[in-house]
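>
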Amino acid sequence: MKGNQEKKEVIVPVIVPLDADLGLDKEGVSRIFSYLYANGATPFILGTTGEAASLSYELKRQYIKEAAINRPIGGKLYVGILSNTLEESILLANWAFENGVQQVAATLPNYYKLTEQQMEGYFTDLAEKISPELILYNIPATTGMSIPIDLIDKLSRNPKIVAVKDSERDLERVDRSLELWRDREDFKHYMGWSGGASHSLIQGSAGIIPSTGNFAPSIYKEMCEAVEQGDEETALSLQKVSDEIGRVYQSDKLLGESLWALKVIMRELGLCQAHMMPPLYPLGEEDAEKVLASFKEVVRKSNLKLNLISHA
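Residue numbering for the sequence shown follows UniProt numbering, beginning at 1 and increasing consecutively.
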């Protein structure tokens, strides 16, 4: 295992469980959090998978509060503060800190294209004005911009900026990033793209943030343990399982459609309902049945130990 020898982290970008009235499903939060913590994973709420861009400020505050209530003593919790306004990101960060959250993650605002200088100014301002530590969140698929590695490295010298969650699908970028940061004790690299999970761990990433972890966190816990033990063969084998499961709800779907399919699987497991916050909407029941049929076939072939129950 390359780089810092700390235990690898499995961080799950949690969906937002909604009820039929599109309010926060508190029972769903409780079930999901209990499941993740019991399987050695740490929740990360209000990210892309959590439909953060579609949620009201008040619902975000409520979710942060409920997440904190469901965090066990000593357990970690990460919170996204994604917003197109600096003020709202600051307010969310400080609300999270009041609820015991030590680190928050922020993307670039995603309306205006920014210069590198503007990117630096935004993250520097944000880091200086919030109480918790800041994780940079690079996700060109939604922001339309990639944070340059050299800029991340420059920002990493700010003591308030402690990590990067990089969801860019570029293994060369991963390798270059880890050449810079794998041995840093004051700045961590987290892989936000499930397809690059095993590669990034083997190359020295501090952890992974896979959306499939919402219902199959054990895959990633075992993957991290394999890398820690120097068993790259097992890690790569688990990557194949992860890829196959990911295709069940992501293949031939837009991002928003894949999030609905993810919730359909979680509904089948009794974790939450499959309601979506507009402008995202559920597909039809025929589509749901296709997703579940494919999912059950992959579970059977992979011999995954998942408790498939209906959730009324």
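We put the CB at the ideal spot given by N, CA and C, even for glycine.
Just so we're clear, the structure is a prediction, and the values are computed from it rather than from any experiment.
Any contact between the segment 70-90 and the segment 31-48? By contact I mean 3 or more CB pairs, one from each, below 8 Å.
yes
> For I26, which residues in the same chain have their Cβ closer than 6 Å to its Cβ, ignoring the five residues on either side in sequence?
Per the sequence shown, residue 26 should be read as Lys rather than Ile. The residues are E66.
> If you follow the beta strand (DSSP E) that E58 is in, where does it begin and where does it stop?
Looking at the DSSP string, E58 is not in any beta strand (DSSP E); the run it does join, the alpha helix (DSSP H), is Y57 to I69.
> Taking the beta carbon of R182 as the centre, do at least 16 other beta carbons fall within 10 Å, making it buried, or is it exposed?
Flag for R182 reads buried.
> Helix, strand or coil: how does DSSP classify V298 here?
Of the three classes helix, strand and coil, the one that applies to V298 here is helix, per DSSP.
> Is it right to say Y35 is buried, meaning 16 or more other beta carbons lie within 10 angstroms of its own, or is it exposed?
buried
> Between the beta-carbon of Y249 and the beta-carbon of L262, is there less than 7 Å?
yes
> Identify whether V16 lies in helix, strand or coil by the three-state DSSP scheme.
coil
> To the nearest angstrom, report how far apart I309 and Q118 are at their CA atoms.
Here the model assigns I309 a pLDDT of 39, short of 50, so the residue's position is not dependable, and the following value carries that caveat. Roughly 49 Å separates the two Cα atoms.
> In chain order, what residues of the same chain have a beta carbon less than 7 Å from the beta carbon of F97, not counting five sequence neighbours either side?
S131 and P132
> For the candidate residues A38, E87, E285 and I147, whose alpha-carbon lies nearest to that of K113?
Restricting attention to A38, E87, E285 and I147, the CA atom closest to the CA of K113 is found in I147.
> Comparing alpha-carbon positions, which option in L77, N99 and S54 lies nearest L259?
S54
> In terms of alpha-carbon separation, which member of K290, A293, G256 and L292 lies closest to H275?
G256
> Could you check which residue in E222, P17 and A105 has the C-alpha nearest to that of R267?
P17
> With the cut-off set at 7 Å, would you say L171 and H199 are in Cβ contact?
A distance below 7 Å separates the beta carbons of L171 and H199.
> Can you tell which of N94, G100 and I90 has its C-alpha closest to the C-alpha of I73?
G100
> Is it the case that the Cβ atoms of F215 and I265 are separated by a distance below 7 Å?
yes
> Just mark R31 as buried or exposed, buried being the case when its beta carbon has 16 or more other beta carbons within 10 Å.
Per the 10 Å Cβ criterion, buried.
> Any idea if V10 is buried or exposed, counting beta-carbon neighbours within 10 angstroms, 16 or more meaning buried?
buried
> Can you tell me where the alpha helix (DSSP H) with Q118 in it begins and where it stops?
Q118: member of the alpha helix (DSSP H) spanning E116 to K129, first to last residue.
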